[in-house]
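S.K.:
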Amino acid sequence: MHLIRKVSSAAAAILLSTGALAQNASDLIISEALVENVSSVVDGYGRRTAWLELFNTSQGTVNFGGCFISAGDSLYMIPRGDLRTKLGPRQSVVIYCGGKEGDGTFFTGFSLKKGSAVRLLSNDGKTVIDSLSIPSDLPADMSARKIALDAKAMDWQADPLPAEPSPGAMNIHAPMQSGAERMAATDPHGWILTVTSITVVFTALLILWFIFSISGRFAVKAGKKLGRQTSAAEDDREATAAVIALALDDYLGSSIHDTESYTITINPTDRSAWAAPGRNFRNKPSR
Amino acid sequence: MGNIIDSLQQFWQFTGFANCTWQNLVMILIGIFFITIAILKEWEPLLLVPIGFGMIVGNIPMFPGLNIGIYEDGSVLNILYQGVRQGWYPPLIFLGIGAMTDFSALISQPRLVLIGAAAQMGIFGAYLLALLLGFAPNEAGAIGIIGGADGPTAIFLSSKLAPDLMGAIAVSAYSYMALVPVIQRPIMLALTSRKERLIRMEKPREVSQREKIIFPVVGFLITAFIVPSGLPLLGMLFFGNLLKESGVTRRLAETARGPLIDVVTTLIGLTVGASTQADKFLSGKSLMIFGLGLLSFVIATASGVLFVKFINLFRPEGRKINPLIGNAGVSAVPDSARVSEVVGREADPDNHLLMQAMAPNVAGVIGSAVAAGILLGFLG
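Note that the protein sequences, when read in sequence, are chains A and B. In this text, residue positions in the first sequence follow my numbering: the first is 2, and each later residue adds one. In this text, residue positions in the second sequence follow my numbering: the first is 24, and each later residue adds one.
1. Within the same chain, show all residues whose beta-carbon is closer than 6 Å to that of residue 62 of chain A, passing over the 5 residues directly before and after it, in chain order.
2. Taking the alpha-carbon of residue 120 of chain A as reference, which of A/75, A/211 and A/132 has the nearest alpha-carbon?
3. Taking only the alpha-carbon atoms, compute the straight-line gap between residue 96 of chain B and residue 229 of chain B and give it to the nearest angstrom.
4. By the DSSP assignment, the beta strand (DSSP E) with residue 224 of chain B in it spans what residues?
5. Helix or strand or just coil, what does DSSP make of residue 67 of chain B?
6. Does any residue of chain B have a CB that is nearer than 8 Å to the CB of residue 154 of chain A?
7. Is residue 353 of chain B near residue 323 of chain B, with beta carbons less than 8 Å apart?
8. Spatial neighbours of residue 103 of chain A within its chain, please: CB distance less than 8 Å, with the 5 preceding and 5 following residues excluded, ordered by chain position.
9. How would you write the range of the beta strand (DSSP E) that residue 95 of chain B sits in, first residue to last?
10. Starting from residue 147 of chain A, trace the beta strand (DSSP E) both ways and give me its first and last residue.
11. Quick one: Cα of residue 230 of chain A to Cα of residue 224 of chain A, how far?
12. So does the segment 25 to 33 of chain A actually touch the segment 144 to 163 of chain A, counting three or more Cβ pairs closer than 8 Å?
13. So, is residue 375 of chain B buried or exposed, given that buried needs 16 or more other C-beta atoms within 10 angstroms?
14. Using the rule of at least 16 other Cβ atoms within 10 Å of the residue's Cβ for burial, across every protein chain shown, is residue 233 of chain B buried or exposed?
15. Where do the N-terminal and C-terminal ends of the beta strand (DSSP E) with residue 158 of chain A fall, by residue?
16. Can you tell me the Cα-Cα spacing of residue 174 of chain A and residue 25 of chain A, whole angstroms?
17. Measuring only the C-alpha atoms, how far is residue 327 of chain B from residue 153 of chain B?
18. Taking only beta carbons into account, state which residues of the segment 337 to 348 of chain B come closer than 7 Å to chain A, listed in chain order.
19. Am I right that residue 107 of chain B and residue 169 of chain B are in contact with their C-beta atoms under 8 Å? What's the rounded C-beta distance?
20. Is there at least one non-hydrogen atom of the ligand SAH closer than 7 Å to the beta-carbon of residue 245 of chain A?
21. Taking Cβ-Cβ distances shorter than 7 Å, what residues in chain B pair up with residue 208 of chain A?
22. Just curious, the beta strand (DSSP E) that residue 131 of chain A is in, first and last residue?
23. Please check if any C-beta of chain A sits within less than 8 Å of the C-beta of residue 26 of chain B.
24. Determine the closest residue to residue 119 of chain B out of B/287, B/46 and B/101, with distance taken between C-alpha atoms.
25. Once DSSP output is grouped into helix, strand and coil, what is the label at residue 290 of chain A?
26. So is residue 225 of chain B buried or exposed if we call it buried at 16+ other beta carbons inside 10 Å?
27. Identify, in the order they occur along the chain, each residue of the same chain with its Cβ nearer than 7 Å to the Cβ of residue 311 of chain B, setting aside the five sequence neighbours on each side.
28. Determine the chain B residues that contact residue 195 of chain A at a beta-carbon separation under 7 Å, and present them in chain order.
29. State yes or no: is the C-beta of residue 297 of chain B within less than 8 Å of the C-beta of residue 72 of chain B?
30. Taking just the CA atoms, how far does residue 292 of chain B sit from residue 198 of chain B?
31. Once DSSP output is grouped into helix, strand and coil, what is the label at residue 76 of chain A?
32. Tell me, to the nearest whole angstrom, how far the beta carbon of residue 83 of chain A is from that of residue 67 of chain A; I am working on the premise that it is less than 8 Å.
33. Identify every residue that forms a DSSP beta bridge with residue 54 of chain A.
34. Go through its chain and collect everything with a Cβ distance to residue 192 of chain B's Cβ below 7 Å, but skip five positions before and after it.
35. Does the distance from the CB of residue 387 of chain B to the CB of residue 142 of chain B come in under 8 Å?
Laid out in C-alpha cells, this is it:
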C-alpha cells in the first residue's frame, strides 16, 4: 500500500512537471536572422544592425527572461524581470544584434557573423533550445530563416534559400486560413462536413454501444452466477418509480418547481416576548 | 438658477429616457415576455427568468462611456460576461449535468444510443440550410448547434465560432428547449401510426454500480480520443458523472450538481440575456437564426423518430422499439424523454416509456457534445 502511494505520488509529480515544462522556453525557436542590414528595420536608436527573431510555437505565453543568446564565443543573457520578455502564443520578438551592451533588453551587444550559427540557450547557459545556421553567402538585406510548413501543427523547417526579411511576422508558405475559410473554399455547400460529422458521431456512439453491449452481457452473466437474478418485482421497480414520479408531478402540478413556499410575515403586536418589561433596557415611565 | 437648469439638462442627457430607442423598448418587452412565460407557464424558469431579466438589464438605455455596459471593458457585467465569451461557463454546467445524470438507462440499453446520434441530424440540417441562406461556415456551424437542444453546448460553440451571433443563438436554443413539448408532439404524432405508438418495449435491466463507474471513464476515453476538440464539454460531463457514481466523492458531486451549477446557470443566463443589446440583437440575421433554430429542432425530432422506424424494419416482432422515444435523441434532458412518456401514455395509459426514452436522451447529450467538437475542429 505504501509502495502504491509512493508510485502514484511520483507519477503525479512527473505529470505536473511535464505540464509545467509544456509551456516554457523550450517552445521557442530562432525563426529568422539577418546579418547585413542595409535597408531593413531600424532599432530604437535609429541604427540598422543585425537582428534575430524569436518565435513562440506554443499555445501559451512563454517568458524567455534569463535565457541566453550565443553566437561564436559571445554570450548574452536576456535580463529577467522585464515584463516584455513574456511572449504570447504564436508571437515573435525581434532582438537586435549590434550596438553596445546596456542598450536594453532586446540588444545583445554583439553582432552576428555569416557562416556561423546563432543559438538560443536555456537559463543554465548550456542547454541548446534552438539554433539557426547563417550561410556564409547570405546576401545583404536577406535573412536566413525557418519556415512553418504546417501552421497548426507548428512543423518548422530551415529554409535553404535566403529570404526577404519579415521581422515580427510568422514565416509561412501560404497565408494562414481559418477552418471556416478552408471549408468555404473546399466545401461551399457543406455536404462533406455534414457526411463526415454524422459518420463520426455515429462511429463514436457505435463504439459505446459495442463496448457496453459486451460489458452488459458480462454483467448479466456475473449476476446470474452470483444468484442475483432479478425477480419480476425488481424488474418492475424502475417503471414503478417512473409512474410514481409522474403521478406526483401531476398531483403537485408545477408547484414543486422553484417556488418559494415559505413566507415570513411580521405582524405588529403588543404581546411579544420582546415587549416584556424584563427585556427592556429602561423601565417604562411611571404615570 | 441658470446653473441648476443647466445641471438638470446635463443630468437628463445621462438618463435612460433621453437615450431610449424603440429597439430598446422592444427588447425590454421581450425580456418581460420571457419572465412572464417562465413564471406563468413554468417553461424553463431557471433559464428564462435570468435571461429575461438580463435582457432588461442589457437594454436599459444609457449614455456610453460610463463603464457599466456589458460590452465596455472592465465593467462588472463585462467581467461576468467573459465566462460566456471565453467559454468557461458551459463546461462548468456540464460538470453539474454529469453529476446529476443517471446513465444507467443508456448502459442497460446500449442499442438505443444510436437514436441519440440520429437526432443530431438537426444540427447538420440547420448547418446546410444556414449555408444556403448565405451564412459563413463558422456562423452556420454555430447556428446548427441549436438543433442539439443543449444550451451550454450552443453557447460554448457559438462563443468560439461566431461570438457576434451568440446572443441570438443562446436565446433561440433556450426558447426552443422550453418549447420542446409544443414542438415535438405534433411531429411525433404525424410520423407514427397508432399501432407503432402502442409498441411495448422490454424493461431495462438493472445496472451494477461497477458498470456505472466504468461508464464515465470508458465513455470519456472513447469520445475524447475520437473528438479531442470536444474535450472541455466531454471531460467535464464524464468527470461530473464519475463524481456521482464513484460513491466516494459525494460532497464534490453534491456541490457540482447543486450550488456550482446554480451559480453558473444564474451567471450564464443573466449575461447571455444582457448581451442581447438591441443594436446587436435586433437584426434580420437574428430572425433567420430563430427560424433556422426552429427548423433544426423539427429536423432533429423527425430524424430520431424516423431512425427508430428504420431500425424496426430489421427487428423481429415483439422486439421492436417504440418510435415515440425517437424524439428523445435531442439532448433536452429530461424534457424530451417526458414528452415520449406523455405521448406514449396518450395512446396507452399503461405503457411507460420514460426509462427507455432516457437512454437516447442522455446519448443525445454525448452526441451533441461530440458534434460540437467536430464542428469546432473543422470550423474553428
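Beta carbons are placed, not taken as given, at the ideal position from N, Cα and C, and that holds for glycine.
M.R.: Well, looking at it:
1. 87 and 89
2. A/132
3. 53 Å
4. Careful: residue 224 of chain B lies outside any beta strand (DSSP E) and carries neither H nor E.
5. coil
6. no
7. yes
8. 110
9. Taken as a continuous stretch (DSSP letters only), residue 95 of chain B belongs to no beta strand (DSSP E), as it is neither H nor E.
10. 144 to 151
11. Any answer about residue 230 of chain A is weak, because its pLDDT of 49 lies below 50 and its placement is not dependable; what the coordinates show is given next. When rounded, the distance between both Cα atoms is 6 Å.
12. yes
13. buried
14. exposed
15. 156 to 159
16. 26 Å
17. 21 Å
18. none
19. About 16 Å separates the two Cβ atoms, so there is no contact after all.
20. Absent from the structure shown: the ligand SAH. Ligands present: none.
21. 245
22. 129 to 134
23. no
24. B/287
25. Because chain A is modelled from 2 through 288, residue 290 of chain A falls outside the range shown and cannot be assessed.
26. exposed
27. 156
28. 147, 150 and 151
29. no
30. 12 Å
31. strand
32. About 10 Å; that fails the 8 Å criterion.
33. A/33 and A/95
34. 165, 166, 169, 177, 181 and 312
35. yes
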